[in-house]
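Down below is the structure, laid out as structure tokens.
Residue numbers (this note's numbering): 11 to 74.
What follows is the structure, encoded as structure tokens:
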């Protein structure tokens, strides 16, 4: 279980990075990446993934 940021739709706004309780999101080349080894989709911490909740671009963050 993990999420992925679609690089072609990521605006690089950085809204997602500080919201991740697992520090699974990092910036690379002007867009953001989610480390699948660290991502838990916020299960057990929140009702829904926090990165998806704050992302201003619909469909930018998807399940893999």
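Positions of the beta carbon are idealized from the N, C-alpha and C atoms, including for glycine.
The alpha-carbon separation between residue 48 and residue 17 amounts to approximately 19 Å. If you compare the alpha carbons of 62, 74 and 73 with that of residue 28, the shortest gap goes to 62. Residue pairing by DSSP places residue 73 opposite 13 in a beta bridge. For the pair residue 25 and residue 59, the CB atoms are not nearer than the 8 Å cut-off.
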